[in-house]
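Have a look at the structure below before the remarks.
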Amino acid sequence: MILKGKVAIVTGGTTGLGAVVARTLADAGATVVSAARGASDTGDRFPVDVTDRDSVDALVSTVHERHGGLDVLVANAGINHPGPLVTLPPEQWNDVLATNLTGVLNCVRAAAPLLRAAGEGRIVTMSSLLGRRPIAGAGAYSVSKAALETLTRVLAAELAGDGVTVNAVAPGVIDEGMGRDILASDRLWNRLRGSLAAGRSGTGADVARAVLFLAAPESSYINGHVLNVDGGLNF
Ligand SMILES: NC(=O)c1ccc[n+]([C@@H]2O[C@H](COP(=O)([O-])OP(=O)(O)OC[C@H]3O[C@@H](n4cnc5c(N)ncnc54)[C@H](OP(=O)(O)O)[C@@H]3O)[C@@H](O)[C@H]2O)c1
Numbered sequence: 001m002i003l004k005g006k007v008a009i010v011t012g013g014t015t016g017l018g019a020v021v022a023r024t025l026a027d028a029g030a031t032v033v034s035a036a037r038g039a040s041d042t043g044d045r046f047p048v049d050v051t052d053r054d055s056v057d058a059l060v061s062t063v064h065e066r067h068g069g070l071d072v073l074v075a076n077a078g079i080n081h082p083g084p085l086v087t088l089p090p091e092q093w094n095d096v097l098a099t100n101l102t103g104v105l106n107c108v109r110a111a112a113p114l115l116r117a118a119g120e121g122r123i124v125t126m127s128s129l130l131g132r133r134p135i136a137g138a139g140a141y142s143v144s145k146a147a148l149e150t151l152t153r154v155l156a157a158e159l160a161g162d163g164v165t166v167n168a169v170a171p172g173v174i175d176e177g178m179g180r181d182i183l184a185s186d187r188l189w190n191r192l193r194g195s196l197a198a199g200r201s202g203t204g205a206d207v208a209r210a211v212l213f214l215a216a217p218e219s220s221y222i223n224g225h226v227l228n229v230d231g232g233l234n235f
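Letter by letter, the sequence shown follows residues 1 to 235 of the UniProt record's numbering.
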């Protein structure tokens, strides 16, 4: 129970990878609040739109009131609007950046005072292999994740003095959440499978175990790191 007594927020924790992460942190002893736009306030779930700072502030202050503090923020909520950059509707570009990049900063800004007070606060952001290996047709998403990795490193440097670490996990092809679309496409999967050293797609548990490690007190000397969880993908 390496997270016994800890309080965690997982944005986008109601579905896909975030839901597996939330279960994994709870199994490790944490009190977990999963937050997403479609969530109802049920105690272990709370509604939030990460693009809206007031909504994020309400999430963090509610967790503070109910649980007395916050130790772990998993900034996992993310979206993809596929399409070539030159024809992608501007509102879709803005939506991806507002959610995947500014949305993470909104959450960190709101949570930072509580994470600093926690003494060994942990932030884990959710990048993607496309952050460093961008592909045509997923431009807004790739750019957002590349910027997210830089955001993660800057925040790591800025919060380190208060014992808060900020690291990213960068999943590859995962049989959970939006990764299922890739696996459902014979064209994409056949292109990728030969590049997977592991010989298989990843699972939500593969990703969640990496998040758990970075969320735990034991990872205190790892900061500003991007941890690939991609089965040795090499393309
Ligand atoms: N699955 C993969 O293979 C894979 C690979 C690499 C990276 N990732 C990353 O992993 C993260 C989770 O993705 P997933 O695959 O689990 O996708 P998913 O199943 O589509 O889940 C996305 C989650 O984010 C929430 N969300 C979206 N916009 C939000 C907003 N504005 N405010 C609050 N919550 C919001 C969604 O809930 P609501 O719609 O209710 O808000 C949902 O819970 C993303 O950051 C994604 O980029 C996934």
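Heads up, the beta-carbon is just placed ideally off N, CA and C, and yes, glycines get one too.
Model, not experiment: these values are computed from the prediction.
In terms of side-chain proximity, the C-beta atom of E176 is found nearer than 8 Å to a non-hydrogen atom of ligand 1.
Assignment of beta strand (DSSP E) within the region 96-177, counting only whole runs of 3 or more residues, yields 122-126 and 165-171 in chain order.
In the same chain as A198, and ignoring 5 residues on each side of it, the C-beta atoms closer than 6 Å to its own belong to G231 and G232, in chain order.
Taken atom to atom, the span from the alpha-carbon of V48 to that of L17 is near 17 Å. Taking non-hydrogen atoms of ligand 1 into account, the C-beta of V173 is found less than 8 Å away from one of them. Under the DSSP assignment, I9 falls in the beta strand (DSSP E) whose first and last residues are V7 to T11. The criterion of a C-beta distance shorter than 9 Å is not satisfied by A110 and L183. Between the alpha carbons of V86 and V96 lies a gap of roughly 15 Å.
A heavy atom of ligand 1 is found nearer than 8 Å to the CB of L130. Setting aside the 5 residues that flank it on each side, I2 is surrounded in the same chain by A28 and A216, each with a C-beta closer than 6 Å to its C-beta; the list follows chain order. Annotated three-state conformation of F235 is coil, per DSSP. Taken in chain order, the complete beta strand (DSSP E) segments of 3 or more residues contained in the region 33-83 are 45-47 and 72-75.
Under the three-state reduction of DSSP, G29 is assigned to coil, being neither helix nor strand. The beta-carbon distance between G83 and G137, rounded to whole angstroms, is 7 Å. This is short enough to meet the 8 Å contact definition.
Comparing alpha-carbon positions, the option among L227, F213 and S220 lying closest to L129 turns out to be L227. Under a 10 Å Cβ-count criterion, N190 is classified as exposed, with fewer than 16 other Cβ atoms of the shown protein chains found around its own Cβ.
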